[in-house]
Each structure stands twice: as structure tokens, then as C-alpha cells.
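Visitor: Numbered by the numbering used here, the letters in the sequence shown go through residues 266 to 833 in order.
Ideal Cβ placement from N, Cα and C applies to all residues, glycine included.
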Amino acid sequence: MIILAWYASSLFNETLITTDLEILSQRTSLIKERLETSDIDTTKLQQFSIRYDNLSGARVTIIQPDGKVSADSREEPSQMDNHADRPEVIEALDGKTGISQRYSFTLKADFIYAALPVYSKEGKLIYILRTGYPLAGVQKEAANANTALSLTVIFFTVVILVLGYLAIKNLTKPITEISSAAEKISKGDFSQKLYPAGDEELKVLAESLNSMAKQLDEKLDIIGEQDNLQQVVLKSMKEGILAVDYDERILLLNETAEEILGINDKNAIGKTLPEVVRVSEIRKFFLKLLSEGDPQETEVLLQHEKDKFLQLSGTLLYDMDTKALGALVVFNDISNLKHLDTLKKDLVANVSHELRTPVTTIKGFIETLKEGAIDDPENAGRFLDIITKHINRLNMLIDDLLILAKLEEKPGEIKMDNENISKVLSSVVEDYEFKAGEKKISIKIDCDEKLSARINKHLTEQAIGNLVDNAIKYSDKKTSIEVGALLKKDQLIIYVKDEGYGISEDHMPRLFERFYRIDKGRSRDEGGTGLGLAIVKHIVNTMNGTIDVESGPGKGTIFTLNIPQKND
266 MIILAWYASS LFNETLITTD LEILSQRTSL IKERLETSDI DTTKLQQFSI
316 RYDNLSGARV TIIQPDGKVS ADSREEPSQM DNHADRPEVI EALDGKTGIS
366 QRYSFTLKAD FIYAALPVYS KEGKLIYILR TGYPLAGVQK EAANANTALS
416 LTVIFFTVVI LVLGYLAIKN LTKPITEISS AAEKISKGDF SQKLYPAGDE
466 ELKVLAESLN SMAKQLDEKL DIIGEQDNLQ QVVLKSMKEG ILAVDYDERI
516 LLLNETAEEI LGINDKNAIG KTLPEVVRVS EIRKFFLKLL SEGDPQETEV
566 LLQHEKDKFL QLSGTLLYDM DTKALGALVV FNDISNLKHL DTLKKDLVAN
616 VSHELRTPVT TIKGFIETLK EGAIDDPENA GRFLDIITKH INRLNMLIDD
666 LLILAKLEEK PGEIKMDNEN ISKVLSSVVE DYEFKAGEKK ISIKIDCDEK
716 LSARINKHLT EQAIGNLVDN AIKYSDKKTS IEVGALLKKD QLIIYVKDEG
766 YGISEDHMPR LFERFYRIDK GRSRDEGGTG LGLAIVKHIV NTMNGTIDVE
816 SGPGKGTIFT LNIPQKND
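#1: Please name the residue or residues paired with K709 in a DSSP beta bridge.
#2: E523 by DSSP, collapsed to three states: which one?
#3: To which residues of the same chain is H569 closer than 8 Å at the C-beta, ignoring the five residues directly before and after it?
#4: Could you compute how far the alpha carbon of G629 sits from the alpha carbon of K738?
#5: In angstroms, rounded to a whole number, what distance separates the CA positions of D696 and G579?
#6: Starting from F376, trace the alpha helix (DSSP H) in both directions and tell me its first and last residue.
#7: Counting only the same chain and skipping the five closest in sequence on each side, list residues whose C-beta sits under 7 Å from that of P829.
#8: Helix, strand or coil for Y398? Go by DSSP, reduced to three states.
#9: What are the boundary residues of the beta strand (DSSP E) that includes G579?
#10: Less than 9 Å between the C-beta atoms of L394 and V334, yes or no?
#11: Under 9 Å, do L593 and L577 count as touching if we go by C-beta distance?
#12: Could you compute how far the alpha carbon of Q291 sits from the alpha carbon of T362?
#13: Identify the continuous beta strand (DSSP E) that holds G535 and give its terminal residues.
#14: Is the distance from the Cβ of S687 to the Cβ of E643 below 9 Å?
#15: With burial defined as no fewer than 16 other Cβ atoms inside 10 Å of the residue's Cβ, what is the status of K610: buried or exposed?
#16: Rounded to whole angstroms, what's the CA-CA distance from G360 to V423? Just pull it up for me.
#17: According to DSSP, what are the bridge partners of E564?
#18: Would you please state the rounded distance, in angstroms, between the beta carbons of T293 and L381? I believe it to be under 8 Å.
#19: To which residues does DSSP link N597 through a beta bridge?
#20: Counting only the same chain and skipping the five closest in sequence on each side, list residues whose C-beta sits under 8 Å from that of K536.
#21: Roughly how many whole angstroms lie between the Cα atoms of E747 and F824?
#22: Pairs of beta-carbons, one from the segment 336-352 and one from the segment 315-324, closer than 8 Å: are there three or more?
#23: Within 10 Å of its beta-carbon, does R351 have 16 or more other beta-carbons around it, so buried, or fewer, so exposed?
#24: Residues in its own chain within less than 7 Å of R548 by CB, not counting five upstream and five downstream?
#25: For a test of the three-state rule: what should DSSP assign to Y739, helix, strand or coil?
#26: Does the count of Cβ pairs from the segment 765-777 and the segment 696-710 closer than 8 Å reach three?
#27: Which residues mark the beginning and the end of the alpha helix (DSSP H) in which V689 is found?
#28: Between G749 and I708, which are expected to be in contact by the criterion C-beta below 8 Å, what is the C-beta distance as a whole number of angstroms?
#29: Can you look up D606 in the DSSP assignment and give me helix, strand or coil?
#30: Between which two residues does the alpha helix (DSSP H) harbouring S343 extend?
#31: Look at the alpha carbon of G388 and the alpha carbon of Q344, and state the distance between them as a whole number of angstroms.
#32: Near A645, what residues of its chain come up, given a Cβ to Cβ distance below 8 Å and the 5 sequence neighbours on each side ignored?
#33: How big is the Cα-Cα spacing for V427 and E442?
#34: Which residue comes first and which comes last in the alpha helix (DSSP H) that contains P352?
#35: Measuring only from the beta carbon, is Y760 closer than 8 Å to any heavy atom that is part of the ligand GTP?
#36: The beta strand (DSSP E) spanning G505 covers which residue range?
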């Protein structure tokens, strides 16, 4: 459109100039005819040029054959240069019609010129008649025409652009909608639905995109559910899971593994194993697994404030195409198992030791009796008393072991009833009054007679009895023991306080272990099995309670049982 307008403008300008030149040539011919037919004095030539300038509106110049200007309608001839070198004059001197378009140095403006030779009646060249017309007028007409043309072009261009924009928008609207929907789908927004009008091919494309979005949404939901399920499974596992690739970069790490290995970095995934896990044995295990490729198992001891035993089971990690991606290791904290194993070994050793002494003693005295001591009534009676004492000790030991086994076997099946606590304490004290009387030890009860609480009567009596028995054994003669109970903040508190030998601080951590004795000689002399306090602790645990100890050498001991009371 712009090129066409430029071409039309150029053509219009050329047409205007050509038309003006033709008109100028015609007027020049008429003026030439008048100049040839009139006998005009040379002194009148200036007036002649001015007169015909006024009539034709064109500048009239009369030039002699030698180029000297004789007359000019708009300039003083004497002030004008020789015009022999002017293009139009040169052509006119050759007998032709001289035409030119150039700048006038005389009038300082662009002109179009037409020049014709003027002959005398004898046919002699006497003048060159030149007419000129300033291009300013032509340019003004062309400018006006160009302005109108430009406005027309601009108007139609705007109209075409608007119509084109509307047409293109109407054509591209479905494509734009499809493109926008595809972009939203790529960002995870699958709610966009396309219903384009018009082209059937676009409708097919839109339906395909709608179907693809629906399928992607469904598949991503499935993947999300599977991922959530995987995270829930990993989070709920008691075992630690740690997976690395062949560059030792962590691919998978669950919370249990973080807890077991003491990892506090929440951005551990993607980092290398040495950056996150500072245990050399674990890294060596991974490297061995990655290099050899066979399933591996080992145990590792983590030495911290509290030693931790770990069992590591590892295998290679494969993708769906059975391509090895790295290594997967399962961590099991077997510290409790190790501790239980140690306890079992200690129990066997302790039981063997506790049984060996009385069995050896009984065997020795029986052999002595067989060798003839049975015939000595005095020694025979003493030997039989010793055998009976050790048999009773064996019986007590076996009974205590059976009690512990029963408490550990079914701790959750202990029946709790509302009992009068004062009567329970009185029953226990009655059982031990004779034994306390032998050492002239007094036992006092401090308890409200109406106090009642939910307990297991039999087990509570046994626990308090063990504590009272110990208080009697490890107290001097003519001392006192206090047994009391009270309710405090939904807790039944039962305590046994004595004025005995007391317990030093270094014995406290192991006080409730089986067969642990503070004074082994004194304990055996008193007939203890070393299981009494262990039984007390187990009984309190079965009732979801706790036991506390306050003591010091020579200051006596206070054992306190705290049994929670639930409001039904």
C-alpha cells in the first residue's frame, strides 16, 4: 500500500510537471508568434516581457543569440549573467524547443523553462524567447495532492489493518486458545477444557488435548497417590532406609534412618554420602556393595553417649529395565536385642552362680553324711539344718524367677480393682511383724483408713512386702520402719521408709537389676535371692507406675511407688 502510494505520488508529480511544461510551451509559442509579427523597438522589449508576464503568469526573458539578456519580466537585464550556457537556450539556438527544469541562480528558486528561437521576417535568428514557471506552485499542488493521497492511504491502511486484525484474530483465536491451554497443561493445570468453533481439524486437535489432559491428570493422581503411599510406608517403617547412586549421592532417605544415624540436614537428598554420614564403616559397606554387587550384611557399633548397635542389610538398586542405579541399605537398630542378649547371658550366669552355691553345699554335706557323719547325731542334725536352709533358698529363688517370668509374660492382663489401701498396708505389716520383732524393729503405718485406689491387691502386697522385707534385713536392731500411702494429683503414692544402712549413689543405676547386690555377703547371710527389687519394679511397671529411691550411706532409704489413677 505504501509503495503504491509512493508510486502514485511520483507519477502525479511527473504528470503535473509535464502538463505545466506543455502549457508553458504553448504560451511560449504564442508569445513568440506575437514577437515575430510585431515590429517592436528594442527599447520596448522590457515592457513587452512584463506585459506578457502579466498575461500568462510566466516569467518572460528575451535573450540575444550571443547569450546577452535583452529583457526580463522579473529582473533587471543589465544585472543578469550571460545565458548562452543555459540548457534550454542551447537547445533553442539549435532550432529546437528547449525544455529544462533547474534552479535559477537569478531568482534563487526552482523553475521549469521553455525556450524557442525568434526569427526576423528575413528568417534570421534575432532572439531566444524563454518563459519560466516557478516549481513552487507545482510543488504546492503536488503537496496538496500528496497530502490528500496520504490521508486516503492512511485511512484505507487503517481500515485494512483493522479488518485484517479482526480477521486474523478470528482465525487465530482457536489456535491461541489451544496454545494457552497447552501451556497451562504443561504447568500442571489440567482443568482447562477446549471447545473451539469452526475448523474441524482444530476441533479434533482440541479433543485430543482435552483427552491428553484428562489422562495426564489421572496418571499424575495415581503417581501422587503412589508417592504419598511410598512416603507413608517409608515414614512408618521402624527400619532405616538409605539409597545412593554410583557417585555416592543420596537418592532416598527416610526419617528412621535420619534418627538412627543422627542426620539433622533436611536437604540431605542429592548430597554425597561422606557429606551427610560421618561413619567410615557405613561408607565402606556402601562401597563394597557397589563394587561387588552381591547382597551384603554386617553389624556396626556407633559409639556416642549411648552405644548403638546397627545391623546393615544391603543390595543393589535397579530400575524398571533392571539397570543398576546404586545401592540400597536397610538399617536395623538392634541395640535392644543386644542388650536383651546381654541380659540373658547375665541371667544365665547369675542363675548358674546362685544355684551352684546351694547345690554344691547340699552335695557336700550329703557326701559327708554318707561317709559316716550321719552316725554322729549332733553333726548330722546341724548338717541337715544347713541342707534344709539351702533347699529353702533354692525354693525361694525358683519362686522369684517364676514370679518374674509371669510378670514379663502377660503384663497387660493385670486386673485392677478399687481396694482399701489402709487394709492392704496393714495386711503386709502383719505378715512381717514377727520378723521385725526378732530385731526389735517397729513398723508404723501412716495412711487414711478410708483411702481407696485402683490397684492389683496381690501384686501390690507382694511389692510392699519385698520392700518391708529388705528394710528389715538391712536395718540395725531397735530401729523403725514407716509404711504410708496418699493420693496426690491422680497418683497413688505408697512409700516404705527405713533407718537402715542406706545406699551410695554409685549403686543407684543398677539397683533394680536381677541378682544385683550392694553387699553380696550380707545379702546371702540374710537369705536374699537378689531378685526382690527387680520383682518390685516389674510389678509397678505392670500397673503403669514408677518407682523412686532416696538414700545415702547411713541415712536410711525411702522407696516410693507412684501408681496412676485413671478416672473412669
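Guide: On the basis of the data shown:
#1: E747
#2: helix
#3: G527
#4: 28 Å
#5: 60 Å
#6: Counting along the chain, F376 falls outside any alpha helix (DSSP H), though it belongs to the beta strand (DSSP E) covering 374-384.
#7: D755, Q756, N809, G810
#8: strand
#9: 573-583
#10: no
#11: no
#12: 11 Å
#13: Counting along the chain, G535 falls outside any beta strand (DSSP E), and DSSP gives it neither H nor E.
#14: no
#15: exposed
#16: 54 Å
#17: Q576
#18: 5 Å
#19: Q576
#20: R514, I515, D530
#21: 11 Å
#22: yes
#23: buried
#24: L538, P539, V542
#25: coil
#26: no
#27: 686-703
#28: The Cβ separation is near 11 Å, so there is no contact.
#29: helix
#30: Counting along the chain, S343 falls outside any alpha helix (DSSP H), and DSSP gives it neither H nor E.
#31: 30 Å
#32: L634, A638, I639
#33: 21 Å
#34: 352-358
#35: Ligands are entirely absent from the displayed structure, and the ligand GTP is therefore not among its contents.
#36: 505-510
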